[in-house]
Structures are given as structure tokens and as C-alpha cells.
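Engineer: In terms of our numbering, the sequence shown is residues 1329 to 1755.
For glycine and all other residues, C-beta sits at the position ideal for the given N, C-alpha and C.
Let me begin by handing over the structure; questions about it come next.
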Amino acid sequence: MLDIKFVRTNPDAVKENIKKKFQDYKLPLVDEVIELDAKSRAVQQEASNLRSERNKISKQIGGLMAKGLKDEAEEMKKKVAQDAARLEELEAQEKELAEKVTSIMMNIPQMIDDSVPIGKDDSCNVEVQRYGEPVVPDFDIPYHTEIMESFSGIDLDAARKVAGNGFYYLMGDIARLHSAVLAYARDFMIDRGFTYVIPPYMIHSNVVTGVMSFPEMDAMMYKIEGEDLYLIGTSEHSMIGRFIDEIVDEKQLPITLTSYSPCFRKEKGAHGIEERGVYRIHQFEKQEMIVVCKPEDSMYWFDQLWQNTVDLFRSLDIPVRTLECCSGDLADLKVKSVDVEAWSPRQKKYFEVGSCSNLGDAQARRLKIRVNGEDGKKYLAHTLNNTVVAPPRMLIAFLENNLQADGTVKIPEVLRPYMGGKELLVP
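Okay, here's the thing in C-alpha cells:
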């Protein structure tokens, strides 16, 4: 969410940013919110003047009463009563206007970074760099669920009967591999100086609206019926929510955290052949990384975060590439975003396995996450997040890239301690 002062003084820049995101239908919101803000400030000023006048008259009434001038005091009291009625009316207007301003501001997108490529959707995302050599073996790579089934490692039919589409049972070596990848990712991030956290898996609505835009919320979040609780779609939600209404001492920054959680997503609009199996599902587990830092450090940490994911995947012999997300592919709270994509030998193309985002001060403004500077001045923190690994998609990349012609799957050396020393999975 932007600062209303910035919108007020830079309306043309805000409108240009909306155009860059191909959200022209939001252009009228800028003039609307500026007009409402002007009314709000006028009402606040009148209310402030009345309060000041009330305090002044109250002192005068006391003085008149002390002098025995009761009639004059009573006249002054009538004036106070009149002002009180007007003040009550103004305070109601203050609240109504403030809510309208906030509601509109929540729908105006964050200013994107100048380096973000301009494009309407993800087809305009720009490849930045490739890491590792993509290989297409001289044997056919089965669909990932077929590979898992060869190890008796997945049961989609039973899950469908128990919970419906979008769920799975993992078993045996595949289930162990799933847990091993998460454990390895946890230790990988700890070794890079991040503090390991297991957060709440449910959050209140004020945290939801603090960490994401309304379209994201509608498309992703499951609400607990009858309670002000939502299941998290990623641990970023509760991890950033941890700092709501906090004033962090500048000496504590940067705060670097890595968190594990299950994730729950509606996944509206998921269709197509690659949505089968465990590519896009309603429940999965993920290792995440979170940074809360000073504004001037956020781009440095942005580069550090996506590089962590690249390094982890390469340590598992999986080729990856980075994609710069274009303006139209950025969620409204994001300043800049890079996707990490893994190579699929079966599809002969890359697919998304992680997304690194710099949110600037958007989440901090919504959640009131402030920093107490060394000079005593308070300012908004910057927040960033990135996927370390999400095993359903990581499993697809892992199995396809480590499958051998005889149907075995090789275990990279770094993962063997988490797999009981196994070097191969044998069907």
C-alpha cells in the first residue's frame, strides 16, 4: 500500500505505474482517493479546531463560575453543547472517510522498480540466466506420478476418496524423499545464517489483508467457518504477520528467517495436463525464507534470496534458470520479483519451482511494521520472501532429472545423509 502523501503529491507517477501494470480500470481511483483525502483532512481540521475551542471555552467557564457570573457561564455552556453535537458529526465523518480512503488505497498497486520489464502477463517475463546444462536423456521420461507409482510411492485414488481432487498420499521412499528434501533445505538455510522457525498455520483476517492483495486472497485462502481465521497459503503470511504493530530496533536488522509449514490453496483456475498429479494441489509443504530489513538494503537481500534457491537446486544436480517477472505479472504489493524455474527433461522446458519477491514497504505499511532508527526517527521496514523448496514441484524436478534408464533414481551426495545413506532409489 502506498503512502497517501505520495499519491497526493505524485498522482501522475501513480497513474503511470497503474498503466505499466495494465490495470487502467484503476486509474479513476487515484483522483477519487485524492478528493476523499482532501475532504478527510478538511473534516479533521474542523474537528481539531472545535476541540481546541472546546478546551478554551471550558477554561473560560471555570473562570466565570469562580467569579459568580453564572448567566454568562450558562451561555458559554450552550456554545459547548452546540459544538459537541457538531464534533460528534465530524468524528463520524472522519471515521467514514478514513475507511473509504484506506479501502481505495488497498487497491492501488505498489510502485514497481524501474528495472522491472513492462509486459501484460507472464508470457512477457524475461529470462535472466541459466544455471547448469539442461539434458534430455535418450530414454523416455514418464509422467512424474508414474515414476512415483513405480516405487509404490503415491496413491491419488485413495486421496480423492478421502479429500477430493488436489490431494495425495505419499508413501515409502517417495515420502521419505519428500521429508529429506525439506530437512536438507532447512539445514541449507540455517548454514546460510537464517533462523529456523515453525509458525502458526492459521492467521486472522487483518494479517491476511496486511500481507496480500484482495484478488490473491480470493484466489488462494481457505477461511475457517465461523471464526476469524484463515489457513495460510505460505508461511510468509504468518511470518510477516509476526511483526504486526511492532517497532523493531534498527540494530536488530536484518532479520533473516527460514520457516517450514504446510500450505493450503484453493488454486482457482488450475487446468490442463500439467495440473494433474502433484503439480498444482490444495495442500503441500514448503520451506520459505523471509527478510525484514532497512529500505536501502532490500535490493541486496532480494539478490541473495533468489541466489539461495538457485544454489540449493544446483546442489541437487537440477538445472535451473531465473526469470524477471514483468509488470503485468507482479501482484499489487510487489516491487520486483524473480521466478526460479527448474528444467523438466520430460517436457523439455523449464517450470516454476520458486518465486522471490521484494515487497518494499507495502506489507510494513499495512501491518504497521516500523523501525526505530539510530537517530530516533521511525520508518517503515522493507519485507522480502522467497521459496527455498516446495517438495511437490521439487519432487517432479528431482525425479525427472535424477531418473536413470533402468528406472532407478540417483540420490545426490548432499541428500544421502537424509536418506539413510542411500545412493539409489530402486523400484
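What separation, rounded to the nearest whole angstrom, lies between the Cα atoms of F1495 and A1486?
Structural biologist: For the purposes of this step, residue 1495 is identified with residue 167 of the sequence shown, where counting begins at 1. For the purposes of this step, residue 1486 is identified with residue 158 of the sequence shown, where counting begins at 1. Rounded to the nearest angstrom, the two C-alpha atoms are 9 Å apart.
Engineer: Starting from the Cα of V1663, find the closest Cα among M1329, D1515, D1441 and A1366 and give me that residue.
Structural biologist: On the sequence shown, position 335 is the one that residue 1663 refers to. Measuring from the Cα of V1663, the nearest candidate turns out to be D1441.
Engineer: By the 10 Å Cβ neighbour count, where 16 or more other Cβ atoms means buried, how is I1646 classified, buried or exposed?
Structural biologist: Counted from its first residue, the sequence shown places residue 1646 at position 318. Classification of I1646: buried, given that the 10 Å Cβ count is 16 or more.
Engineer: Does the Cβ-Cβ distance between L1585 and V1525 come in under 8 Å?
Structural biologist: Numbered from 1 along the sequence shown, position 257 holds the residue referred to as residue 1585. Numbered from 1 along the sequence shown, position 197 holds the residue referred to as residue 1525. Yes, the pair counts as a contact, with Cβ atoms nearer than the cut-off.
Engineer: Run the CB neighbour count on T1637, radius 10 Å, all protein chains shown included, and call it buried at 16 or more, exposed below.
Structural biologist: One-based indexing of the sequence shown puts residue 1637 at position 309. Flag for T1637 reads buried.
Engineer: Look at the Cβ atom of I1568, then the Cβ atom of T1711, and state whether they are nearer than 8 Å.
Structural biologist: Working through the sequence shown from its first residue, we reach residue 1568 at position 240. Working through the sequence shown from its first residue, we reach residue 1711 at position 383. Yes, these two residues count as a Cβ contact at 8 Å.
Engineer: Distance check for N1729 and E1344, CA to CA, integer angstroms please.
Structural biologist: Against the sequence shown, residue 1344 aligns to sequence position 16. Against the sequence shown, residue 1729 aligns to sequence position 401. C-alpha separation (whole angstroms): 43 Å.
Engineer: Is the separation between the beta-carbon of I1609 and that of P1470 shorter than 8 Å?
Structural biologist: As a position in the sequence shown, residue 1609 is number 281, starting the count at 1. As a position in the sequence shown, residue 1470 is number 142, starting the count at 1. Taking 8 Å as the Cβ cut-off, I1609 and P1470 do not qualify as a contacting pair.
Engineer: Among the residues of its own chain, which have a CB less than 8 Å from the CB of P1740, if the five just before and after it don't count?
Structural biologist: For this step, residue 1740 is matched to residue 412 along the sequence shown. Taken in chain order, the residues that qualify are S1643, L1644, D1645 and N1730.
Engineer: Return the bridge partner residues of L1585 from the DSSP annotation.
Structural biologist: The residue you call residue 1585 lines up with position 257 of the sequence shown. According to DSSP, which records beta bridges pairwise, L1585 is partnered with T1523 and I1618.
Engineer: Mark A1508 as exposed unless 16 or more other C-beta atoms lie within 10 angstroms of its C-beta, in which case mark it buried.
Structural biologist: Translated into positions along the sequence shown, residue 1508 becomes position 180. So A1508 ends up on the buried side.
Engineer: Please identify the residue among M1617, I1502, K1750 and E1680 whose C-alpha is closest to the C-alpha of L1727.
Structural biologist: Looking up residue 1727 in the sequence shown gives position 399. Answer by Cα proximity: I1502.
Engineer: In this structure, does DSSP put K1738 in helix, strand or coil?
Structural biologist: Along the sequence shown, one-based indexing puts residue 1738 at 410. Three-state DSSP puts K1738 in a strand.
Engineer: What residue range is occupied by the uninterrupted alpha helix (DSSP H) comprising D1628?
Structural biologist: Working through the sequence shown from its first residue, we reach residue 1628 at position 300. The question names Asp, yet the displayed sequence has Tyr at residue 1628. Its alpha helix (DSSP H) spans residues S1626 to S1643.
Engineer: My output table needs one value for Q1421: the three-state DSSP class, helix, strand or coil.
Structural biologist: Within the sequence shown, residue 1421 is the residue found at index 93, counting from 1. Reduced to three states, the DSSP call for Q1421 is helix.
Engineer: Keeping to the same chain, check which residues put their C-beta closer than 8 Å to that of F1542; ignore five residues upstream and five downstream.
Structural biologist: Taking the sequence shown and counting its residues from 1, one reaches residue 1542 at position 214. Answer for F1542: M1434 and N1435, listed in chain order.
Engineer: On the three-state DSSP scale, how would you describe E1602?
Structural biologist: Within the sequence shown, the letter at position 274 stands for residue 1602. Because E1602 carries a pLDDT of 48, less than 50, the predicted location of this residue cannot be relied on, and the following value inherits that uncertainty. Here E1602 sits in helix by DSSP.
Engineer: For D1577, report the span of its beta strand (DSSP E) as first-last.
Structural biologist: Here residue 1577 corresponds to residue number 249 of the sequence shown, with the count starting at 1. Note, D1577: beta strand (DSSP E), I1575 to D1577.
Engineer: Give the straight-line distance between the Cα atoms of E1416 and D1577, rounded to the nearest whole angstrom.
Structural biologist: Start at 1 with the first residue of the sequence shown, and residue 1416 comes out as number 88. Start at 1 with the first residue of the sequence shown, and residue 1577 comes out as number 249. Going from the Cα of E1416 to the Cα of D1577 covers about 38 Å.
Engineer: Counting C-beta neighbours from all protein chains within 10 Å, is the total for Y1746 16 or more, i.e. buried, or is it exposed?
Structural biologist: The sequence position of residue 1746 within the sequence shown is 418, counting from 1. Buried.
Engineer: DSSP state of R1382, grouped into three classes?
Structural biologist: Within the sequence shown, numbered from 1, the residue matching residue 1382 stands at position 54. DSSP places R1382 in helix when its eight states are reduced to three.
Engineer: Would you mind giving the Cβ-Cβ distance between L1723 and V1648, rounded to the nearest angstrom? I have them listed as a contact below 8 Å.
Structural biologist: Against the sequence shown, residue 1723 aligns to sequence position 395. Against the sequence shown, residue 1648 aligns to sequence position 320. That belief does not hold up - the Cβ atoms of L1723 and V1648 are roughly 15 Å apart, past 8 Å.
Engineer: In three-state DSSP terms, what is I1482?
Structural biologist: Here residue 1482 is taken as the residue at index 154 of the sequence shown, counted from 1. Strand.
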